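Asker:
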Amino acid sequence: MVALLNSSQIQELSSQIPDWKVEGKHLKIVKTFKDFIEAIAFVNKLVEPAETAGHHPDLEISYNKVTISLTSHDAGGLTEKDFALARQISTLL
Ligand SMILES: C[C@H](O)[C@H](O)[C@H]1CNC2=NC(N)=NC(=O)C2=N1
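When the sequence shown is numbered by the working numbering, its final residue is 110 and no position is left out of the sequence of numbers.
#1: Quick test of the definition: if touching needs 3 or more C-beta pairs under 8 angstroms, does the region 83-90 touch the region 47-59?
#2: Would you mind giving the Cβ-Cβ distance between Ala101 and Ala67, rounded to the nearest angstrom? I have them listed as a contact below 8 angstroms.
#3: I'd like to confirm something about Asp91: is its beta-carbon nearer than 6 angstroms to some heavy atom of ligand 1, or not?
#4: Would you kindly check if the distance between the Cβ of His73 and the Cβ of Lys98 is under 7 angstroms?
#5: Quick check on this structure: which residue in Ser79, Thr108, Ser107 has the alpha carbon closest to the alpha carbon of Phe55?
#6: Taking the beta carbon of Glu76 as the centre, do at least 16 other beta carbons fall within 10 Å, making it buried, or is it exposed?
#7: Return the CA-CA distance between Glu65 and Phe59, expressed in angstroms with no decimal places.
#8: Taking just the CA atoms, how far does Ser32 sit from Thr96?
#9: Just to confirm before moving on: does the CB-CB distance between Ala103 and Ile34 stay below 7 angstroms?
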């Protein structure tokens, strides 16, 4: 299991991904698409990087809006894995 990050590490890493918000033990971003089809197409693009990383986002889809929430369930908070996946997801947005 990867180690939990401390608050100064979280502050430093989150400054590199300004589109994402730190909300408690999660990194969050909300992205709006043209319609449900495009929202789902985007969600499908997350499968490959998540499987490769062995780390998976929590997803909420509401019509054309996708909320992505990242946390390390096993560690009980934010780890380097969450930031690595957030940086990767940002390249798809
Ligand atoms: C065995 C496997 O590595 C674990 O079940 C993984 C899978 N993906 C995961 N993803 C996230 N976000 N947190 C986890 O703790 C987690 N655990």
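Idealized CB from N, CA, C, for every residue including glycine. Quick caveat, the model's predicted, so the values are computed rather than measured.
Answerer: Working from what's here:
#1: yes
#2: At roughly 11 angstroms, the Cβ-Cβ gap does not stay under 8 angstroms, so Ala101 and Ala67 are not in contact.
#3: yes
#4: no
#5: Checking the sequence shown, residue 55 turns out to be Glu, not Phe. Closest option to Glu55, Cα to Cα, is Ser79.
#6: Reading off the sequence shown, one finds Leu at residue 76, where the question assumed Glu. With fewer than 16 Cβ atoms within 10 Å of its Cβ, Leu76 is classed as exposed.
#7: 12 angstroms
#8: 15 angstroms
#9: Against a cut-off of 7 angstroms, the Cβ pair of Ile34 and Ala103 comes out as a contact.
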